[in-house]
Every structure is written in structure tokens, then in C-alpha cells.
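In what follows, a structure is listed as C-alpha cells, so that the remarks can point back to it.
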Amino acid sequence: MDQHSFFIRYKLHHLAFWILVFFSWFYLRHQEYRNSTVALAVTFVKVADLMVMIYFVNYWLIPKVLYKKRYIDFSVVFIVMVLVSGICKVYLLRVITGNASTYSFSTGLKTKLYENVISDFFLVLAGAAVRMIVDYLAMQQRLAEVAKEKAVTELNFLKSQINPHFLFNSLNAVYFLIHKENSEARDALHKFSDMLRYQLYEASVDKIPLDKEIRYLKDYSDLQMLRKDDRVQISFKVPDQLYSYRIEPLLLIPFLENAFKHISHHQSEPNTVSVELDVKDDILYYSVQNTKNRFPDPPKNPVVSD
910 MDQHSFFIRY KLHHLAFWIL VFFSWFYLRH QEYRNSTVAL AVTFVKVADL MVMIYFVNYW
970 LIPKVLYKKR YIDFSVVFIV MVLVSGICKV YLLRVITGNA STYSFSTGLK TKLYENVISD
1030 FFLVLAGAAV RMIVDYLAMQ QRLAEVAKEK AVTELNFLKS QINPHFLFNS LNAVYFLIHK
1090 ENSEARDALH KFSDMLRYQL YEASVDKIPL DKEIRYLKDY SDLQMLRKDD RVQISFKVPD
1150 QLYSYRIEPL LLIPFLENAF KHISHHQSEP NTVSVELDVK DDILYYSVQN TKNRFPDPPK
1210 NPVVSD
């Protein structure tokens, strides 16, 4: 167990936080009292009271009441808790301080109660907000993990249904059946086979060398060019030093697919797709640009008016 895990497991960060709160409050407020003993006692009462309320709300009231959508019960218990705590604390502090405080109670019990209840209300509410934010982030992380596990399961199921060995053997058979002089068709089938192998076998890991992802992009663009005419041009600008980096697989392809999908259809000028990758300060910069039509495409079934 590393030091960080030990620290979190035994809630030592909680202890450190409350020690910091205790001494911070004592340092800021001890001058209001004529001696340090009374100041320490008052600090202990205030911090202990706040700590008990926050832990009660965060570890019982929120998971047992709020998360079960019992909103009225939560509100009632929360308000009653703060009020009862404020009343008890005001009377207890009055007994502790006696004449040791430099301020008198001439302002009235109601004023003291109001000050304690309002401050406790917002402090406990802030603690509850922190708890709910932490729970939300943890839930999002769990959902992401579940989604990832689901995707892996679906991919494994797809692999089992496709029967990859049969598929690749069939592709190889078709490859050799194509006439040797038709090199374009043979190359296209070879690239399609490589892309399929990449998706089924190599893209199931968390990180993959960037050069494999770039090769996948180039194979995809080459296959797309077979469907386009000579007016379509594709360019890649990739520095050599990029090939040593690793990224998540299939992260770049959606942008290139979108570029080919929305490429222009100019008749008198080129239609281009340009791909650029670069790394600066260990950050990968990826740019895909395509030319667009000046005017939107006409509807397939135009309405002709009389």
C-alpha cells in the first residue's frame, strides 16, 4: 500500500483538515477572550459541533434520505438539526465564557442564536455540497468505466460472431483471385484487410503507437479516394518525431470521416482534405480541413411552382 492510499484509507486527510480548522479558528478569534483556556474551550465546542453536523449530514442524511428522493424529510431534519445545535451551543458557550469574554450578552440571546444558526447553516450546507460533488464525480467515473467495459464486451462479442480467421482467409482468397494486373483492386483489398485487422485486434488496448493510427488514417483516405474523382486531393503533414508517441486507438478517424462526408464538389477547382499533426510541449495538435461548397446542395426533389 503506497503512502497516498494509506492516507486516504484511514481518513487522515479528514483529521488534518479539522486540525487546520481548529487552529485557524483559535488563531483568528482567541483575542476575543481574556485567557487562552476559555478560547480553547470555545474553539473546541464550535469545531466539534460543526464536525458532528457535517459528518451526520454527509454520511447518513444524504445517502439515507436525500439520495432516496425524500427531499421534505431531508429539509426538515437538516433545519431542525441546525436549530437545536445552535440553541444548545449558545447556552453552552454562555456557561463556558461567563465573564471571560470581552463582549457581553447584552445584545441578547436571539442575536447570538441567529449568528450561530446562520453560520452553521451555510457551513454545513457547504460540506454537503462538497460531498455531493465528490459523489457525482465518482458516479461519472463509474459510468465511464461501465461504458468502457460494455464497449469491450460488445467488441469481443462482435469478434466471436465475425469469426476473424475465416474472414481473413476469405479476403486472402479473394486477393489472389483478383487478376495480378489489377494492382489497384489488390491494394485496396489489402488496405481494407489491414484496417479490419487494426479494428479487431490492435484497437482493443488503452494506448497504441501513433504511427499505427496514422497508417489507419492513410489507408482509410486511400480507400475513400477510390470513390472520388481526380479533382479530390488528400494531403498529410506529419513530422517524423510524432511516431514515438502513444494515443487512444480510433481517436482521430471520426474527424477524417466527417471531412470526406462534407467535402466540396467543385467542378473547376480542386476539392481537398488536409490532415496535419504536430506535438508541442507534449500536447498533440490535430487538424483536419476540407473545402466546402459555396452554396448548399439543391434539394433532391425540388418543388416546381406553377
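Under the working numbering, the first residue of the sequence shown carries the number 910, and numbering increases by one thereafter. Even for Gly, the Cβ is constructed at its ideal location relative to N, Cα and C. Just so we're clear, the structure is a prediction, and the values are computed from it rather than from any experiment.
Query raised in the report: Candidates L1001, T952, Q1198, D1120: which alpha carbon is nearest D1149's?
Result: It is D1120 whose Cα lies nearest to the Cα of D1149.
Requested in this report: Can you say whether N1091 is buried or exposed, counting buried as having 16 or more other CB atoms within 10 angstroms of its CB?
Outcome: Answer is exposed; the Cβ neighbour count stays below 16.
Query raised in the report: Among D1190, L924, Q1133, Y964, which residue has its Cα nearest to the Cα of L1032?
Result: Ranking the options by Cα distance to L1032, first place goes to Y964.
Query raised in the report: Can you give the Cα-Cα distance for K1100 and Y1195, rounded to whole angstroms?
Result: In this structure, the straight-line span from the alpha carbon of K1100 to that of Y1195 is close to 23 Å.
Query raised in the report: What's the gap between the Cα of L1001 and the Cα of A950?
Result: Rounded to the nearest angstrom, the two C-alpha atoms are 10 Å apart.
Query - Counterpart residues of Q1142 in DSSP-defined beta bridges - result: Here Q1142 is bridged, per DSSP, to T1181.
**Report entry** Spatial distance of S1015 from M1048 (CA atoms)
**Finding:** Confidence is the limiting factor: at S1015 the pLDDT is only 47, short of 50, which leaves the residue's position unreliable, though a coordinate-based value still follows. Roughly 50 Å between the two C-alpha positions.
Requested in this report: Step through the CB atoms of chain D and report whether any lies within less than 7 Å of the CB of Y1152.
Outcome: Chain labels in this structure do not include chain D; a single protein chain is all it has.
Report task. Could you pull out every residue in the same chain whose Cβ sits closer than 8 Å to the Cβ of T1006, ignoring the five residues on either side in sequence? Result -> For T1006, same chain residues with a beta-carbon under 8 Å away, outside a window of 5 residues either side, are Y942, V947, V951 in chain order.
Query raised in the report: Does the Cβ-Cβ distance between L1165 and V1197 come in under 7 Å?
Result: In this structure, V1197 lies closer than 7 Å to L1165 by Cβ.
Query raised in the report: Alpha carbon to alpha carbon, what distance is there between V956 and L929?
Result: A straight-line Cα-Cα distance of about 11 Å links L929 and V956.
Query raised in the report: Considering only C-alpha positions, which residue in the set Y1129, N967, E1093, D1187 is nearest to L1159?
Result: When only C-alpha atoms are compared, the closest one is Y1129.
Requested in this report: Drop a sphere of 10 angstroms on the beta-carbon of S994, count the other beta-carbons inside from all chains shown, and report buried for 16 or more, exposed for fewer.
Outcome: Classified as buried, S994 has 16 or more neighbouring CB atoms from the shown chains inside 10 Å of its CB.
**Report entry** Per DSSP, the bridge partner or partners of Y1194
**Finding:** Residue pairing from DSSP places Y1194 in a beta bridge opposite D1187.
Query raised in the report: Do you know how far the Cα of E1054 is from the Cα of K1146?
Result: Using only the alpha carbons, I get a separation of about 35 Å.
Requested in this report: Can you have a look at T1062 and say buried or exposed, based on whether 16 or more other CB atoms are within 10 angstroms of its CB?
Outcome: When all chains shown are included, T1062 counts as exposed.
Query raised in the report: Can you tell me the Cα-Cα spacing of A1264 and R1051, whole angstroms?
Result: Residue 1264 cannot be examined here, being either before or after the span of the chain that is shown, 910 to 1215.
Query raised in the report: Roughly how many angstroms separate the alpha carbons of F953 and F931, rounded to a whole number?
Result: F931 has its alpha-carbon roughly 7 Å from the corresponding atom of F953.
Report task. Name the two residues that bound the continuous alpha helix (DSSP H) containing T946. Result -> Element bounds for T946: 945-965.
Query - Simplified DSSP assignment, three categories, for I1087 - result: Correct three-state label for I1087: coil.
Query - Test item: CB-CB of V974 and D982 under 7 Å - result: Cβ distance < 7 Å, so V974 and D982 count as in contact.
Requested in this report: Give me the Cβ distance between L1161 and L1126, rounded to the nearest whole Å; I'm assuming they're in contact under 8 Å.
Outcome: Taking 8 Å as the upper bound for CB-CB distance, L1161 and L1126 are in contact here, some 6 Å apart.
Requested in this report: From the DSSP output, read off the bridge partner residues of N1199.
Outcome: Looking at the DSSP output, N1199 bridges to V1182.
**Report entry** Chain-order list of residues whose beta-carbon lies under 8 Å from that of V986 (same chain, five-residue window excluded)
**Finding:** Excluding residues within five positions, the ones whose Cβ falls inside 8 Å are L970, V974.
Query raised in the report: Going by the beta-carbon positions, is the gap between V991 and V1039 smaller than 7 Å?
Result: The criterion of a C-beta distance shorter than 7 Å is not satisfied by V991 and V1039.
**Report entry** Range of the contiguous alpha helix (DSSP H) that encloses K1127
**Finding:** It spans 1119-1136 - the alpha helix (DSSP H) in which K1127 sits, taken as one unbroken run.
Query raised in the report: Should S1173 and N1167 be called a contact, given that it needs their Cβ atoms to be closer than 7 Å?
Result: No; because the gap between Cβ atoms is not below 7 Å, this pair is not in contact.
Query raised in the report: According to DSSP, is I1156 helix, strand or coil?
Result: Per DSSP, reduced to three states, the secondary structure at I1156 is strand.
Report task. Taking all protein chains shown into account, decide if I1192 is buried (16 or more other Cβ within 10 angstroms of its Cβ) or exposed. Result -> Within a 10 Å sphere around the beta-carbon of I1192 sit fewer than 16 other beta-carbons, which makes this residue exposed.
Query raised in the report: Who are the Cβ neighbours of R1155 in its own chain at under 7 Å, not counting the five residues just before and after it?
Result: The residues are K1116, I1117, P1118, L1119.
Report task. On a CA-only basis, which of Q1176, N1202, H1175, Q1142 is nearest V1182? Give me that one, please. Result -> Among Q1176, N1202, H1175, Q1142, the Cα nearest to that of V1182 belongs to Q1142.
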